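Structure, rendered in structure tokens:
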């Protein structure tokens, strides 16, 4: 596997292998071993043409723990923001000897364009492209779910997950639907009709406009961020009405199954899609998702860069 | 294919190694056994039980996966990472006994020393190997050896353990290790 | 008998009858069984079909303003290689062709190039802004004699403006060619709205945004009794509306592009912007409906919507890329592949859809004429039994954004005749000289 552009690039055993590798690497990060020499001498470039502190730092920490050299090419102040084309940026990175590029970009398909082009020869890791996909987020979400609810199983068979919010514009939703279904979970998407894409009928998920009827039956409630701009674009009348029907507040949380958890990819709009009470509650694994993100991203870098050939093998 | 160690040979060798460890370290008070997965980990567990039956108390025992410290990662597809479990008492100031099934080029042990270096600073690091087949590529030696097996580079040593393979046996096969 | 300029020997006419055709002094001198006289150039056309020279009612020549992508000269050369003897140049240039001055400039450039007739299309509204009518009369009465008016690139979306435009052109014998795209429903749209766009995370361009405008405009055309032409029809729903309108006797014509007869929206999965076009590629079902409609005449013509773009406008992320594909050099081959080789149409119908009907809609009297003695010799000779491979580095257009690079297409054009002279002959392009 040379690139990670979409969850669709993985099959089930490859996905589980990444989760298992992350499990071991997490132990490594836990305390015993602080730094691994595995990617020493490799150069990983963070090409963040879209602002993101959280994801970029997560990939940076992951790369550094594996002793890779990290170069940050971020939007503000970089040539990207001055209008340099993706092609020219890529060719600059190639000239700098990048073994891998972690790219976040506002255009859907940007990661694939980079990977398919002849502009550079390294591995491309999609850290979020427009409204298309965010594979490492889905992997860390699956990792988190498996850790809490997996009961020792390698996959997520039998678990029910609700993904709630702006599905239409969410790359996190798209990657999660693909991965959760691949790992055997049942996914229900909850959103107002305006925030569900036309053409969703073939997705491996059921759809509901009624959050309250879905909550008591799921093991995971994954809330998505709703952007303020959506209100002026006529997707729903105002914040009040959105929260009333689709916000996760204390009352809704009380009707969740025993042991069910609350997740959110961040950053949160406290008070809009999720109340402060829920965000800070014992059911919330939101901060743990961030920690798990580093282990999962270490696993991704390991799988793509440590070996010499293209398939994941075993000892 | 020739038989190098039978099941009984293996048991005797491990018993002798266990006694030698206790002799050299004057008991088990300060030792930590760390087996290198996969088979080294099982051997470490066996040595641990033998020491327990001799001394009456169980020495801290764990595993140390060295995959991430290998120097030959780029020569093959990415390898799966095995568990690393360091006992809660840690390794600081301890006499760490690494346990592996076959000592060959010495690169695995070199990686293990690097891995230990990231974890802490043992007082000593010692090596117990069931089989030493020669052909060292680095200045590494074992402190405790089950059997010295002279081999040619065109041969490989196969270790089977009942915990995973259903039976105990060490054989020498024709054909170099991959 | 004087020596003919050209003799096309043993060709099939559109109605499949075999004939020898001789050309002299710019006109067809004879059509019939074995030609007994002399000719300066003899063309062995035994496996070939002769059609009236193709007429493209929808081309973007980019000049003035975007000469980096195409010029009237380079577009003309691409046109003759594709078998065209007339192209209508869309008005979305810079400056916009909304005055007599600009349309006369484009007309003159076409004459000077001397490869085919360039008929400028005039903008419906000033600056294509959709607010005030442009000087339609001045353009109609200019040397360019504009009859087709279009804001293509933009939709005339204000219903009152569209009504007034339809009424006003009646005085000048004109037709409004509408680019049907509701602007409010397609802000930032990137590709057809459907399953594929949902998966790819690209903003959708729903079929209803095209169909709603078509429905409104056929009703308007009926109400004010004027002539409407729908550019680049792309949906099955749009076909239904046109069918309904024609059944009611409404004076509407419609065009389809070659790419919409063949390509579908799943090609966007590669995120390669060579497939990004406006209106977008649609679904299999739409392609089938369009082919059937072209065959039964509900869709009157094929028009290329040839849209050249420089490399940097296509060698980037999808969102950043320009909309449009080349079309002139591959049009006839694509029509053969999708319509003739599939058995949906015969060559006589191809002649109608690609020459006779567009000439009639545009009012181009010297084009789309029947292949009979006395007609202006605007002809194209094609060998349907041969194949060719599209190579984007070898196109005559200045740009190379063809979606067919590497495709093997049926039908090799051997000759194009413009006013009795060969503008294209087995790979050689020749100007007939400027006026």
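Chains as they are written, first to last, in the numbering used here: chain A, 1 to 315; chain B, 316 to 493; chain C, 494 to 928. The beta carbon of each residue, even a glycine, is placed where N, CA and C say it ideally should be. The model shown is predicted, which means the values in this text are computed figures rather than measured ones.
Assuming residue 799 of chain C and residue 825 of chain C make a contact with CB atoms under 8 Å, what is their CB distance in whole Å?
-> Actually they do not touch by this definition, with Cβ atoms about 13 Å apart.
What does residue 388 of chain B touch in chain A if you count any residue whose Cβ is under 7 Å from its own?
-> 38, 306 and 307
Which residues of chain A have a Cβ atom closer than 8 Å to the Cβ of residue 359 of chain B, listed in chain order?
-> Correct list: empty, because the minimum Cβ distance to chain A is about 17 Å.
Please report the residue range of the alpha helix (DSSP H) in which residue 178 of chain A lies.
-> 171-182
With a 10 Å radius around its C-beta and 16 neighbouring C-beta atoms as the bar for buried, classify residue 645 of chain C as buried or exposed.
-> buried
Reference residue 837 of chain C; option with closest CA among C/787, C/654 and C/901 | C/787
Give the range of the alpha helix (DSSP H) segment to which residue 137 of chain A is assigned.
-> 135-149
Does the stretch 682-691 of chain C come close enough to the stretch 740-747 of chain C to have 3 or more Cβ pairs within less than 8 Å?
-> no
Quick one: Cα of residue 55 of chain A to Cα of residue 138 of chain A, how far?
-> 13 Å
Sequence-distant residues of the same chain with beta carbon closer than 7 Å to residue 67 of chain A, five excluded per side | Excluding residues within five positions, the ones whose Cβ falls inside 7 Å are 35, 36, 37, 38, 39 and 40.
Can we say the stretch 48-64 of chain A touches the stretch 331-351 of chain B, given the rule of at least three CB pairs closer than 8 Å?
-> no
Quick one: which residues of the stretch 280-302 of chain A get their C-beta closer than 9 Å to a C-beta of chain B? List them in chain order.
-> 299 and 302
By how many angstroms is the C-alpha of residue 557 of chain C removed from the C-alpha of residue 584 of chain C?
-> 10 Å
Cβ neighbour criterion (16 or more within 10 Å) applied to residue 928 of chain C | In this prediction, residue 928 of chain C scores a pLDDT of 49, lower than 50, which makes its location untrustworthy; the coordinate-derived value is nonetheless stated afterwards. By the neighbour-count rule (16 or more Cβ atoms within 10 Å), residue 928 of chain C is not buried but exposed.
Apply the 10 Å Cβ neighbour rule to residue 310 of chain A and answer buried if 16 or more other Cβ atoms are within range, or exposed otherwise.
-> With a pLDDT of 44 at residue 310 of chain A, under the threshold of 50, the modelled position of this residue cannot be trusted; read the value that follows with caution. Exposed, because fewer than 16 other Cβ atoms sit within 10 Å of the Cβ of residue 310 of chain A.
What runs of the beta strand (DSSP E), each 3 residues or longer, lie entirely inside the stretch 317-389 of chain B?
-> Whole beta strand (DSSP E) segments, 3+ residues: 317-320, 346-350 and 376-378.
Coil, strand or helix - residue 808 of chain C by DSSP = coil
Following the continuous alpha helix (DSSP H) through residue 525 of chain C, name the residue where it begins and the one where it ends.
-> No alpha helix (DSSP H) contains residue 525 of chain C, which is instead part of the beta strand (DSSP E) from 520-525.
Interface flag, residue 43 of chain A vs chain B, CB-CB below 8 Å | Cβ-Cβ to chain B under 8 Å: no for residue 43 of chain A.
Where residue 241 of chain A falls, given that 16 or more other Cβ within 10 Å makes a residue buried | exposed
So residue 587 of chain C is in the alpha helix (DSSP H); what residue range does that whole segment cover?
-> Careful: residue 587 of chain C lies outside any alpha helix (DSSP H) and carries neither H nor E.
Any contact of the stretch 567-586 of chain C with the stretch 524-534 of chain C, i.e. 3+ C-beta pairs under 8 Å?
-> no
For residue 695 of chain C, decide whether its Cβ has a neighbour in chain A, counting only Cβ atoms nearer than 8 Å.
-> yes
By Cβ distance, which residues of its chain are closer than 7 Å to residue 365 of chain B, with the 5 residues on each side in sequence left out?
-> 329, 330 and 333
Three-state class that DSSP yields for residue 680 of chain C in the structure shown = coil
To the nearest angstrom, report how far apart residue 902 of chain C and residue 888 of chain C are at their CA atoms.
-> 14 Å
Going along the stretch 411-435 of chain B in order, which residues come within less than 8 Å of chain A, judged by CB to CB distance?
-> 429, 430, 433 and 434
Starting from residue 444 of chain B, trace the beta strand (DSSP E) both ways and give me its first and last residue.
-> 439-447
Per-residue burial, residue 598 of chain C [other beta carbons within 10 Å of its own, 16 or more giving buried] | buried
Check whether the Cβ of residue 403 of chain B lies closer than 8 Å to any Cβ atom in chain A.
-> With a threshold of 8 Å between beta carbons, residue 403 of chain B makes no contact with chain A.
Three-state secondary structure (DSSP) of residue 888 of chain C | coil
Any residues in the stretch 82-107 of chain A with a beta carbon nearer than 8 Å to a beta carbon of chain C? Which ones, in chain order?
-> 85, 86, 87, 105, 106 and 107
For chain D, find out if any of its Cβ atoms is closer than 8 Å to the Cβ of residue 35 of chain A; answer yes or no.
-> Looking at the structure shown, chain D is missing, and the protein chains on hand are A, B and C.
Which residue from C/514, C/519 and C/605 puts its Cα closest to that of residue 929 of chain C?
-> The requested residue 929 of chain C does not occur in the structure, where chain C is confined to residues 494 to 928.
Could you tell me which residues DSSP pairs with residue 917 of chain C in its beta bridges?
-> Paired residue(s): C/909 and C/922.
Residue 880 of chain C, buried or exposed, once every other Cβ within 10 Å from all chains shown has been counted against 16 | exposed
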